[in-house]
Amino acid sequence: MANGTVLAVGIDGACWSLVDNWIDEGELPNLREIRDNGTWGELESCVPPVTCPAWKCYSTSQNPGELGVFWWESLDIASKESFTPSSRSFSHPELWDILNDAGVTTGVVGMPLTYPPKEVDGFMISGGPGAPDHDFTYPEDVEDELKSKFDYTPRPTFPADSEGDNEEEFAEKSIEQVDLDFKVAKHLYEKYDVDFLQVCSFEINAPLQHQFYDGEPTKKAWKIIDNHLGDLADEFEYVVIHSDHGTSEMDQQFFINSWLAQEGYLTRDRSFFERLADYGITRDRLLGVLDTLRLREPLSNVQTLRNLGRRIPDSRGLFGEREGSAIFDKVLWGETDAVGLAQGPLYLNTDKLNEQEYETTRNKLVEEIESIVDEKRDAPPIQQVFKKEEVYHGEYMDKAPDLVALDAPEYHNKGGIGKKELFRKSDWRGNNARQGLHVISGPGVDSARVDAEIYDVAPTILSLFDLDPPSNLDGTPVLD
């Protein structure tokens, strides 16, 4: 391959099953042209297929067992603490580090898990969902420029009721962010003239595909992305389009901690914060007060307050996706064998179980969880349960969840510590799925269908620059 320039467009939650009809109807002509003239296929994500750590699995070509991060939150059963990662949680060299070492300049815009931004030979603009509205750029002075020219921040600010009464405003703000990420990327590319440009769209999936799946707001955002593809693609010799995971249509929630409690694996207690909820002091009400006082955004990155917020249930008794803090408040550990997090990670209580009991319990959980059936729908909420050694390897295996329960397409596992029911109709229409997409187009790239893994994308980009991927990567170039 020639040593040229490369555009990489990362689209959170993108998959062919979501966009194929729009491509066939002529709604996404630039994506169609790039696909028709390149190598393309499905892109299998990590387990569970979640933004964190999937984007870092892409940029490092390392599986979570090497990274030491397995989901948005990790539980340390021994210390009874939960851990939420940031960009500093990852020590492995990323794609842009390897490119910079080889003299290739790089620009990165909007990729999740890049806050705080790192120093690169080029520029880096942190992406959602963890980036606040300050200190999100490298070089530092770019932030004032982006705020002045584009009124840009890494994520839009939503009103407290934007997912309910103001759903239209919620959608429009998200669509504006999709558009802004690409406008900022194009502006900085023209200013810095980097050899490699990575632009990511997180808002396309969270919230749009989650909330609307293939509805009109999602379609509108995809058409904006397609227009930007048309503008940017001609500026580069090679174009790579990829996702971190896919999306499936769904309409049900499953609370695995409710099931664990029902089956005797978990014993829970009512925490102090749940008792506050009895008096109307709920998380959504407190957030509404902060919105009224215009304090929600300024306080959003104060870790102590974020941890406190995760301990307080909302008006429905839920603790949100990241409920590890609530788990440690609510679980009676002397009577509990296992706890679960949303979207799949399951931890066994090794303080209580000896080695033989651990393996017996783990095997039993695999069999029983894979046998759960939603009797009202005659459907399983979990499609497969993996032991950690089946999907992970590396130096951080001791920190890995003992099991990972992969959602069935129609069901979203919410964890649900403190809930009594097992199933409930979902607020979301789109669920994370393991099969995403990729496309590689440019000189010498054959028009062919080739399925790949998320770990293969970074080595492929290195090969486009005539660079040999380091031998310790988990992936291999798709085009070899």
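Everything in the sequence shown is counted per this note's numbering, starting at 1 for the first residue and increasing by one.
Just so it is clear, CB atoms sit at the ideal spot from N, CA and C, and this is done for glycine as well.
Under the three-state DSSP convention, the category residue i falls into
i: Ile-281; result: coil
i: Lys-376; result: coil
i: Ile-175; result: helix
i: Asp-76; result: strand
i: Arg-434; result: coil
i: His-210; result: helix
i: Glu-81; result: strand
i: Gly-164; result: At Gly-164, the pLDDT of 47 sits below 50, so the modelled position is not reliable and the matter cannot be decided from this model.
i: Gly-10; result: strand
i: Asn-257; result: helix
i: Leu-407; result: Per the sequence shown, residue 407 should be read as Asp rather than Leu. The answer is strand: DSSP assigns Asp-407 an E or B state.
i: Lys-387; result: strand
i: Thr-157; result: coil
i: Ile-440; result: strand
i: Ala-448; result: strand
i: Tyr-238; result: strand
i: Gly-334; result: helix
i: Phe-196; result: strand
i: Tyr-392; result: coil
i: Ser-243; result: coil
i: Glu-203; result: coil
When the options are compared against residue i, the one with the closest alpha-carbon
i: Leu-95; options: Val-331, Leu-467 and Asp-76; result: Leu-467
i: Leu-197; options: Leu-229, Lys-220 and Asn-166; result: Leu-229
i: Gly-26; options: Phe-202, Asp-480, Asp-226 and Ser-463; result: Asp-226
i: Asp-269; options: Glu-335, Ala-206, His-242 and Gln-209; result: Glu-335
i: Glu-176; options: Glu-140, Glu-145 and Lys-223; result: Lys-223
i: Arg-35; options: Asp-351, Ala-221 and Val-439; result: Val-439
i: Ser-45; options: Glu-203, His-245 and Glu-81; result: His-245
i: Gly-68; options: Ser-86, Lys-80 and Thr-39; result: Ser-86
i: Lys-183; options: Leu-232, Gln-209 and Phe-212; result: Leu-232
i: Trp-72; options: Ala-54, Ala-185 and Pro-217; result: Ala-54
i: Thr-360; options: Ile-382, Lys-376, Trp-333 and Asp-337; result: Asp-337
i: Lys-330; options: Glu-81, Val-404 and Leu-479; result: Glu-81
i: Trp-428; options: Cys-52, Gly-215, Val-194 and Arg-32; result: Gly-215
i: Ala-326; options: Leu-208, Gly-415 and Tyr-455; result: Gly-415
i: Asp-76; options: Asp-151, Asp-24, Pro-29 and Thr-350; result: Thr-350
i: Asn-472; options: Pro-459, Asp-12 and Val-478; result: Pro-459
Pairwise C-alpha distance: residue j and residue i
i: Pro-112; j: Asp-181; result: 12 Å
i: Gly-10; j: Leu-348; result: 35 Å
i: Lys-56; j: Gln-62; result: 8 Å
i: Thr-157; j: Gly-122; result: 28 Å
i: Leu-99; j: Val-6; result: 11 Å
i: Ser-162; j: Ser-201; result: With a pLDDT of 45 at Ser-162, under the threshold of 50, the modelled position of that residue is not reliable, and the figure given next carries that caveat. Roughly 20 Å separates the two Cα atoms.
i: Ala-408; j: Asp-474; result: 26 Å
i: Pro-49; j: Ser-243; result: 11 Å
i: Ala-160; j: Glu-172; result: Bear in mind that a pLDDT of 46 at Ala-160, under 50, signals an unreliable position, so the number given afterwards is only what the model happens to contain. The straight-line gap from Cα to Cα measures roughly 15 Å.
i: Val-302; j: Val-445; result: Its pLDDT being 49, under 50, Val-302 is placed unreliably by the model, and the measurement read from it follows with that caveat. About 47 Å.
i: Ala-221; j: Asp-251; result: 22 Å
i: Asp-133; j: Ser-463; result: 35 Å
i: Thr-218; j: Thr-247; result: 12 Å
i: Ala-400; j: Glu-235; result: 42 Å
i: Glu-321; j: Gln-343; result: For Glu-321, the pLDDT reaches just 46, beneath the cut-off of 50, and the residue's location in the model is therefore unreliable, leaving the point undetermined.
i: Leu-341; j: Tyr-192; result: 42 Å
i: Pro-154; j: Pro-129; result: 8 Å
i: Pro-116; j: Glu-375; result: 46 Å
i: Ala-14; j: Gln-356; result: 42 Å
Boundaries (first-last residue) of the beta strand (DSSP E) holding residue i
i: Phe-345; result: First, the amino acid is wrong: residue 345 is Pro here, not Phe. It spans 345–348 - the beta strand (DSSP E) in which Pro-345 sits, taken as one unbroken run.
i: Gly-107; result: 106–111
i: Arg-424; result: 423–425
i: Gly-246; result: 246–249
i: Ala-338; result: 338–340
i: Phe-150; result: From DSSP, Phe-150 is part of no beta strand (DSSP E) but of the alpha helix (DSSP H) over 142–150.
i: Ser-126; result: 122–126
Residue range of the alpha helix (DSSP H) that includes residue i
i: Asn-46; result: The sequence as given places Cys at residue 46; Asn does not occur at that position. Run containing Cys-46: none; DSSP gives neither H nor E here.
i: Val-479; result: In the sequence under discussion, the amino acid at residue 479 is Leu, which differs from the Val named in the question. It is not in any alpha helix (DSSP H) - Leu-479 carries neither H nor E in the DSSP assignment.
i: Ile-461; result: 457–464
i: Asp-226; result: 216–233
i: Arg-32; result: 29–36
i: Asn-21; result: 16–24
i: Gly-65; result: 64–67
i: Ile-327; result: 324–330
i: Val-366; result: 355–370
i: Thr-467; result: Going by the sequence as given, residue 467 is Leu instead of Thr. From DSSP, Leu-467 is part of no alpha helix (DSSP H); its letter is neither H nor E.
i: Lys-352; result: Here Lys-352 belongs to no alpha helix (DSSP H), and DSSP marks it neither H nor E.
i: Lys-56; result: 51–60
i: Asp-97; result: 95–101
Assumed close pair residue i, residue j - CB separation to whole angstroms, cut-off 8 Å
i: Leu-260; j: Val-339; result: 7 Å
i: Glu-169; j: Gly-394; result: In fact, because the Cβ distance is near 44 Å, the residues do not count as touching under 8 Å.
i: Thr-114; j: Gly-127; result: 6 Å
i: Glu-42; j: Gly-418; result: At roughly 37 Å, the Cβ-Cβ gap does not stay under 8 Å, so Glu-42 and Gly-418 are not in contact.
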